Amino acid sequence: MTDKNFEQPDDGDEVRPGEEGSEAHASDPASQEPELTIDDILGAEQNADAAAEDPDLLGDLKRLQAEYANYRRRTEEQREVEIERAKGSVAKNLLPVLDDLDRAAKHGDLAEGTPFAAIAEKLRGVAERMGLVTYGAAGEAFDPQQHEAIFQQPTPGQTEATILEVVEVGYRLGSVELRPAKVVVAVPAD
């Protein structure tokens, strides 16, 4: 097969990222590459028949299409990871504020109907919509993978390690642990 059988795509109609009217965003790596198919590479249908006669060319084209599909899949996965990282970064910065709100509630500073209580509820709602989840409560079984024991209290009659008191609540964002729960653990007395 000669080069004259290849039809080059007309680049005059293609909108490139950054040009006026472009829907692609520079921050989206998947949108920076035009979507190609074998027909785009071969040009027209008559070239597809010619490619079927040349198994090497068809194999190369299939490999190219597979590489491009893998590139798009990897790019999408990386994009999702970066979104989760960004959410995690924002959520980590909110944790001290949420801790202060919990302390204020314990001290009675968040009386129902006050402007401060309304602001606290709005902030907690934002955290929930982000997917931020608290964990670690008194009475739960102690799990060293999720909880950080800051003190162990030998307790008569205790058969397994249990959370006696939560000093600092743990937070998760999806499946990512942002901060372990800091707890006092009731352990069996010897």
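Residue numbering for the sequence shown follows UniProt numbering, beginning at 1 and increasing consecutively.
Note that the Cβ used here is the ideal one computed from N, Cα and C, for glycine as well.
Note that this is a predicted model, so its numbers are computed, not measured.
C-alpha distance - residue i paired with residue j, whole-angstrom precision
i, j, result
"residue 96", "residue 65", "49 Å"
"residue 143", "residue 154", "17 Å"
"residue 136", "residue 186", "14 Å"
"residue 175", "residue 56", "46 Å"
"residue 101", "residue 61", "60 Å"
"residue 148", "residue 76", "35 Å"
"residue 160", "residue 113", "42 Å"
"residue 165", "residue 81", "34 Å"
"residue 103", "residue 109", "9 Å"
Contacting residues, own chain, Cβ-Cβ under 8 Å from residue i (five flanking each side not counted)
i, result
"residue 127", "91, 94, 98"
Endpoints, beta strand (DSSP E) assigned at residue i
i, result
"residue 170", "170 to 173"
Beta-carbon contacts of residue i that lie in its chain and below 7 Å, excluding the five residues immediately before and after
i, result
"residue 167", "150, 182, 183, 184"
"residue 139", "162, 163"
"residue 73", "none"
Cross-strand partners of residue i (DSSP beta bridge)
i, result
"residue 148", "182"
"residue 177", "172"
"residue 155", "188"
"residue 166", "183"
Fully enclosed by the segment 67 to 143, which beta strand (DSSP E) runs are 3 residues long or longer? The qualifying runs are 132 to 135.
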